[in-house]
Amino acid sequence: MIKTFLKSHCGLFRERVDSSPYNIVTITETWLKPEVEDNEIFYLNNWSKPYRDDRITQKGGSEHKDHLKLQDVKILTNIVTQANRDKNEILIFGDANCSKIQWKEAGNERNIHFVLPERPRRIRFKYNFIDNIMRLGLVQICNFTNQNDNVLDLIFTNISNDYNLIRLETALIKNPTPSSSSLGDAIQFLRDFDREAAEMCNRVANSEWRYSTNSTDYNKRKMREQQNLASKFECLSWRRASLFDTTRIPDSNTRRQLGRIVTQGRCGLGDERYKEITQLITTMKDNYNNVKICPYRGQSPNIYSGPYDALRGQSSRESYVTAYTGFCDLRLDPDLNRIMEHSRVEPELRYVWTAFRDKTGPPIRNTFMRYLDLANQAAEKHGFRDAGEQMRSMYEDPDFFFTVQELWAKVLPLYKKLFTFVRKGLVRQYGEGVLRRDGPLPAHLLGNMWGQDWRSLFPIIKGQKETPDITSEMIRQNYTPLKIFQLAEEFFTSMGLPPMPPEFWRNSLLQKPNDAFVQCTASAWDFCNSVDFRIKQCTQVTLQDFINSHHEMTHIHYYMQYSTANKPFVYREGPNPAFHEGIANAIGLCVGGPVHLQRLGILKTPISASTGNSMINIEYLLSVALDKLPFMAFSIALEKWRWYVFEKGPEQMNERYWELKLRYQGVIPPTSRTNAHFDPGSKYHIISDQDYIKYFVATILQFQIFNELCQVSNQKTTSLHTCNFSGSREAGRLLADIMQQGASMSASQLIKLLSRGKTSRLSAEPLLEFFRPLEVWLDTQNQAERVVGWNSNMEDVSLFQDFLRINSGLRFEISLLILITSHFHDRQCIYCFPKSIIIRGIDIIIPIRNPRNAFEKISVDPEDSFLNLNNFKNSTIMIRNALNIVKNQILTQPAMVTACFLPSTRNTFILKRRWEPKLYKKGSKPDKLRGRHYVYDLVEDTSVRPQMNLNLILTSFVDGVGQKGDVVTVKHNFGYNNLLLPGLAVYKTPENMEKYSNKEQNQKEEVKHSSPFAERTVNVLEKLTFNLVMNKDNPWTVEKWHIRASFRKANIYVPEECIELPKEPITGPDMNKEQKDFYVTVTINNLEKARAKFRIHHWSTDPADRLPFVYEHWKMTTEPLFGLEDKTTETKTLDK
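Right, here's the structure in full:
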């Protein structure tokens, strides 16, 4: 409902209507007259014909004149009765002018309607009116008052499921901007936001719960509708909150709440682009969720080559897949995940790894690049440089980028030791033909689709476990999913935390039903009403699900604690995205430890785990390390890649991804990956716009929390990992204090509260202390290894960078500068040949170092006898013959010279239709283009076309370039910015050549320097101070060869004939001349003269008689050797 003077606010009205998702819009008191046409106000092409009942008179409405009459109530009653009988949905809008009724809040059954005191007759009428409304089953959902605090605009409905949404939109459209930036206005806005946001959260949570527990198309559509409305609410709230000037609000709590609303999200884009980025994310998520691949069916030789097969002389191989596409139904979960965890067939793992990435990445590569652009635009609107900085702002640490790097630097030595131990086991399993003993790990062998969890490698790297099978013991003791969660509840109640509410046990889904398709990812749910909390988990009787149940119940306790503390809606989350996971993982460390499992009686061992040094403890620590440490390396590499592309752009983004994977995780792809691939798109968090560094921070945080809970519970253990704070009331109180704060405090404040004032920063020390016994054990296991960590070579890097690629799989390392022939130096178009010369046959990519520093792609015919790969094993001979072919092809192409003079075209894409439309007869109407006709192939992106070198004529002397009138060839950027713009050069044209080639005029001008570099040489010589080391024991006189030797020590070569000594001879030894200066004149090219300063230093062959050498002696103020003739200055020396 929009209440505004419509004629004069037409633009505002259209903006509000366009942003509304509803099919009915009602406007009251428009003050329109019948002569105002519909098309002056309404979009008739987008909306149905409006129904108007214009007011004819200019008199305003009042209760004594236009209030709701009794006959109106009777008519309304009859209409609603008939509608209810037909089971129709009812919406009644109107300006009833029925004042002094206190309407109850819709959906709140504890309040009632009541009438404020006034005349008895009116009170009776209004109570009669209210009774009729309630009897008809209608709800009045508008509570916005006028200046007299009366609700006159009423909305009645019987649609119980949607009244909150209607009321929400009336709130935010009717009051689009805050009236002022005062504290009272901000508090009122936050109260309204708290109420409306909680209701919206409840609706969205209910719709998402219905879909996740019964994944039908209908539930998915309903969920999308609620999510879209929640997005609209988020943006409307952002617009209102962003209008407050927080610098003028004195209350820090109010400022913090407004800041949390304003800083995050993408609402700054505006409606159209916000819809676009939402649609882009939805498209990428749908592509990801619908990926299916064919199963692996064995090997087919001589088709597919691994990364090292050709170099090691092994036969090529490829996965064979069935030709029947109906069998290609393997999904990520559970099919592909199960294969990656349990298969030990290397070709199958390589096939699954590659096929999944080929299906997930390339189809959405362009979509992701558009998402990058829009995300950066949104971040700029929110006051950030790019979207990466906006993501990091959630951690409220201005140095967060460097904080993450420092934390990883402390953990890296431990990770390298674990990495080396894992590599040793993989080499033992797959052999050195698949991976090197000192090299990085192929990504497909790590037991996980993304290489982030290595726990499934435990049988390979450790062998037979000495720890008894806990899952089998749980089954033997008749554990059930319900018993697992009851034990989890007992764990928390033993610490003094409250039990789960009845709604939890009634509404949660704790095991998979048989009659519905359920998304089985374990999750904890808060329905934002302080009552309803649920867990969804397809629980099986396993140790992992036992730990997961405690993990999810920790989230529930977090929800309950800040709900009990009555925190506002914006505070009902962790201070940063990592805190929830950090606390839940800390509980997992306790309940999954051998000490707690022995206390429960499901770990049967003769040796107590509390000693901390048994093999049971080592295996437990190894299992935890295989889970945590690779995950940290993976998360920091992935997030740093995302920050990089947000800041630098999507150029070479796949290559950059694998560079970071190699640097931080020591992982390389099993097959060749190019920038046409998009391997980061295989991770759901990337394409769904979800923060991932939170898992890195949560891992650091969980050990820090675990350590503090152990200390406060007075656990006296020899090793940190043997701590068990179950039953500790002190630990429970500390945990409750942290959880109750929600997001009302920053992360640093909560860490200070957690550590009881000891620190306010993240620390990796508890993590290192936790794994200390494992680190000692790993040192023993890795004693025979040559390298702890990994060494990478050009062969590894060539898997994701373009060096030299031939279709047989051979890769060569080329470090020499390859020039085609010296004949090209005589041609105008030496470096101007096209980027790709298509002859026929295979492609060879050869790095040719030229002024453009580009890689040129040349296609040659493999059938040429002198280029046959089978005839040549020496790569140098093959390259030389390939270059001869290229030279002949270039010299025979007449278009080469023309290409040199083509100007650089920017921001232009040359496309070609993949399917040409049919021809049509002249004069007839062409056929309508179909969808396939709009599919284009990229022929050329001219925005990345290399720029040609510039041929210029210098108009004056330029240091390091040339003299006036010289013709020089320089790079485009240097020539344009440093020569053309300052007016130091002009283009080489016939007119300019004639103008600046007048030798007589140039001869009249005074020659400034003998060469372009003479002035630079003079400046260098006059700025430096040279040491002249002379003998302290024997007499000497300074001669020219002494000066030449001092120059040579500074890597400057000066002939003796160019040296001019001072007129007065310099003799010695004389200690009065120690550290005194004199000048020598040096002649350059028989023209320029430079005065070089020398400083005398006496040196003795007897070590006991030597004078101490004064370091940085050029900074000392010394006196000249010949009085006032020379002046000392602070200069820099090149003395070695």
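0 is the number of the first residue of the sequence shown in numbering that gives the first Met the number 0; add one for each residue after it.
Using N, Cα and C, we set each Cβ at its ideal position, and we do this for glycine too.
DSSP on residue i, reduced to helix/strand/coil?
i	result
residue 939	strand
residue 710	helix
residue 981	coil
residue 581	helix
residue 1097	strand
residue 1076	strand
residue 527	coil
residue 921	coil
Assuming contact is defined by CB atoms lying nearer than 9 angstroms, are residue i and residue j in contact in what I supplied?
i	j	result
residue 1009	residue 1025	no
residue 669	residue 441	yes
residue 185	residue 257	yes
residue 527	residue 200	yes
residue 377	residue 388	no
residue 639	residue 659	yes
residue 535	residue 524	yes
residue 645	residue 371	yes
residue 340	residue 464	no
residue 154	residue 90	yes
residue 674	residue 651	yes
residue 568	residue 214	no
residue 978	residue 969	yes
residue 243	residue 192	no
residue 248	residue 181	yes
residue 733	residue 753	yes
The beta strand (DSSP E) with residue i in it runs from where to where?
i	result
residue 947	First-last for residue 947: undefined, no H or E at that position.
residue 379	Careful: residue 379 lies outside any beta strand (DSSP E), inside the alpha helix (DSSP H) at 364-380.
residue 153	152-156
residue 1201	The question about residue 1201 has no answer here: the residues shown for the chain are numbered 0 through 1135.
residue 445	Segment: none, residue 445 is in no beta strand (DSSP E) and carries neither H nor E.
residue 968	966-969
Please classify residue i as buried or exposed, where buried requires at least 16 neighbouring CB atoms within 10 angstroms.
i	result
residue 419	buried
residue 374	buried
residue 636	buried
residue 974	buried
residue 923	exposed
residue 1076	buried
residue 894	With a pLDDT of only 37 at residue 894, under 50, the local geometry of the prediction cannot be trusted, and no value is derived from it.
residue 989	exposed
residue 908	exposed
residue 1080	exposed
Could you spell out the range, first to last residue, of the alpha helix (DSSP H) harbouring residue i?
i	result
residue 283	270-288
residue 644	614-647
residue 1017	1013-1022
residue 191	182-212
residue 399	399-429
residue 459	457-460
residue 535	Element bounds for residue 535: not the alpha helix (DSSP H) but the beta strand (DSSP E), 532-535.
residue 492	480-492
Nearest-angstrom Cα distance between residue i and residue j?
i	j	result
residue 1106	residue 1039	25 angstroms
residue 600	residue 478	12 angstroms
residue 1058	residue 1100	28 angstroms
residue 108	residue 747	Summary for residue 108: the model assigns pLDDT 40, below 50, so the residue's position carries little reliability, and this model does not support an answer.
residue 488	residue 499	7 angstroms
residue 417	residue 916	60 angstroms
residue 365	residue 385	19 angstroms
residue 1144	residue 259	What is shown of the chain runs 0 to 1135, which leaves residue 1144 out entirely.
residue 445	residue 410	20 angstroms
residue 294	residue 749	50 angstroms
residue 711	residue 540	32 angstroms
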